[in-house]
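First comes the structure, then the notes that go with it.
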Amino acid sequence: MKPVMEKLWADISTKNSQIQISESFFVHLKEHGFKLDEYRTYSINQGPENVQMAWSIGGDGTFLETLSHVGAKEIPILGINTGRLGFLATLSPEEVSEALQHVLSNEYTIEDRCLVSVDAEIDLFHGKDFGLNEVGIMKTDSSSMIQIKTFLDGNYLNTYWADGIIVSTATGSTGYSLSVGGPLVIPTSDSFIVAPMSPHNLNVRPLIVSSDTVLKFEVSSRSQNFLISIDSRSRVIDSTISIEVKKAAFSGKIVKIPGDDFLQTLRNKLNWGLDVRN
23 MKPVMEKLWA DISTKNSQIQ ISESFFVHLK EHGFKLDEYR TYSINQGPEN VQMAWSIGGD
83 GTFLETLSHV GAKEIPILGI NTGRLGFLAT LSPEEVSEAL QHVLSNEYTI EDRCLVSVDA
143 EIDLFHGKDF GLNEVGIMKT DSSSMIQIKT FLDGNYLNTY WADGIIVSTA TGSTGYSLSV
203 GGPLVIPTSD SFIVAPMSPH NLNVRPLIVS SDTVLKFEVS SRSQNFLISI DSRSRVIDST
263 ISIEVKKAAF SGKIVKIPGD DFLQTLRNKL NWGLDVRN
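Throughout the sequence shown, residue numbering follows my numbering, covering 23 to 300 in sequence.
Written out as structure tokens, the structure reads:
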């Protein structure tokens with residue numbers, strides 16, 4: 023990551039731009055020899071103020087963390103991938119200078135992405151109850167399945183006997199949902215994927231519903247608790263607590279540089295349609 027940051031600082035220093043850095047990242051950079059005294063910092067709880075764009079430098083996990091900093095401010099996020107696969111942070115370190123030039127020249131678009139939110143009778147995630155990828159409900163022990171009674175807009179759907187269930191956004195269709203057999207969905211689609219994890223039933227398949235659907239889950243578990251997660255945040259709660267999942271009141275904004283295309287990402291990173299005859 024250090025070469026990427028050095029290149030970015032060098033490029034920005036020649037432009038009339040100002041930077042705010044998260045406090046934790048600021049400390050990390052200073053520990054690695056960066057001289058950053060002239061830059062402002064922001065706390066994770068407050069988020070950045072009066073900024074036009076957020077840059078996420080890392081992998082997809084870093085991108086999701088950046089989204090949690092931005093929250094309802096709907097600040098557009100540009101992702102530079104210094105991690106592994108990179109479906110959200112799609113630009114390579116070698117493209118930093120080019121990306122900065124596009125941004126400063128206003129040569130980019132912003133995609134609106136549906137966010138998912140989770141609600142319960144208790145405060146689950148200290149106000150950060152929204153996510154870009156998915157909400158997960160999972161067992162906490164290593165053996166027993168849980169039973170997940172599921173409702174769509176108040177109408178009973180099914181009781182899943184499974185290790186858990188995922189409610190994924192269209193953006194999250196390339197993540198955890200894909201790993202449990204969910205479909206790929208164009209990320210700008212207004213839809214949720216309901217995908218059970220290791221269901222003990224041959225007739226259960228992933229289901230696509232409108233993102234306007236309100237989903238409710240009631241969980242039964244031998245351990246009397248279960249794990250609830252949203253993107254990279256998780257906690258264990260009592261099984262007497264029901265969970266409501268719905269579209270967040272605000273959206274995620276993702277910056278797209280010319281040439282950054284989802285279908286191309288599928289081909290490059292998932293070998294989509296790879297065929298020796300092509």
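Glycine is no exception: its CB is placed at the ideal position from the N, C-alpha and C atoms.
The structure presented is a predicted model; accordingly, all values stated were derived computationally and were not measured.
| Query | Result |
| --- | --- |
| Decide if Asn-103 is buried, meaning its Cβ has at least 16 other Cβ atoms within 10 Å, or exposed. | buried |
| Within the same chain, show all residues whose beta-carbon is closer than 6 Å to that of Val-302, passing over the 5 residues directly before and after it, in chain order. | As displayed, the chain neither begins before 23 nor continues past 300, which places residue 302 out of reach and without an answer. |
| Residues in the same chain with beta-carbon distance under 6 Å from Lys-275, minus the five sequence neighbours each way, listed in chain order, please. | Glu-96, Pro-98 and Ile-132 |
| How big is the Cα-Cα spacing for Arg-62 and Leu-206? | 40 Å |
| Grab me the residues of Asp-185's own chain with a C-beta within less than 7 Å of its C-beta, minus the 5 sequence neighbours each way, in chain order. | Met-160, Lys-161, Met-167, Met-219 and Ser-220 |
| Where does Val-138 land, buried or exposed, given buried means 16+ other C-beta within 10 angstroms? | buried |
| From Asn-300 to Trp-294, what distance separates their C-alpha atoms? | 12 Å |
| Inspect the CB distances between the region 142-153 and the region 119-127 and report whether three or more fall short of 8 Å. | no |
| Using the three-state DSSP reduction, which class does Gly-194 fall into: helix, strand or coil? | helix |
| Count the CB pairs spanning the region 194-209 and the region 233-243 that are closer than 8 Å, and state whether there are at least three. | no |
| Pick out whichever of Thr-262, Gly-153 and Lys-238 has its Cα sitting closest to the Cα of Thr-88. | Gly-153 |
| Is the beta carbon of Gly-149 less than 9 Å from the beta carbon of Ile-187? | no |
| For the alpha helix (DSSP H) that Ala-121 lies in, which residues bound it at each end? | 118-126 |
| Distance check for Glu-28 and Val-267, CA to CA, integer angstroms please. | 41 Å |
| Between the alpha carbons of Leu-174 and Phe-272, how many angstroms are there, rounded? | 21 Å |
| What does a CB cutoff of less than 6 Å around Leu-107 pick up in its chain, not counting 5 residues either side in sequence? | Lys-291 |
| Thinking just about the alpha-carbon of each residue, which of Tyr-130, Glu-129 and Asn-155 is nearest to the one in Val-140? | Asn-155 |
| Look at the alpha carbon of Val-92 and the alpha carbon of Asp-282, and state the distance between them as a whole number of angstroms. | 22 Å |
| Just to confirm the assignment, what range does the alpha helix (DSSP H) spanning Arg-289 have? | 284-292 |
| Counting only the same chain and skipping the five closest in sequence on each side, list residues whose C-beta sits under 8 Å from that of Phe-284. | Ile-208 and Pro-209 |
| Would you mind sorting Val-49 into buried or exposed? The rule is 16 or more other CB atoms within 10 Å of its CB. | exposed |
| For Arg-244, I'd like the list of residues in its chain whose CB is within less than 7 Å of its CB, leaving aside the five on either flank, ordered along the chain. | Ser-166 |
| Thr-181 to Ser-261, Cα distance in whole Å? | 15 Å |
| Reducing DSSP to helix, strand and coil, say where Val-236 ends up. | coil |
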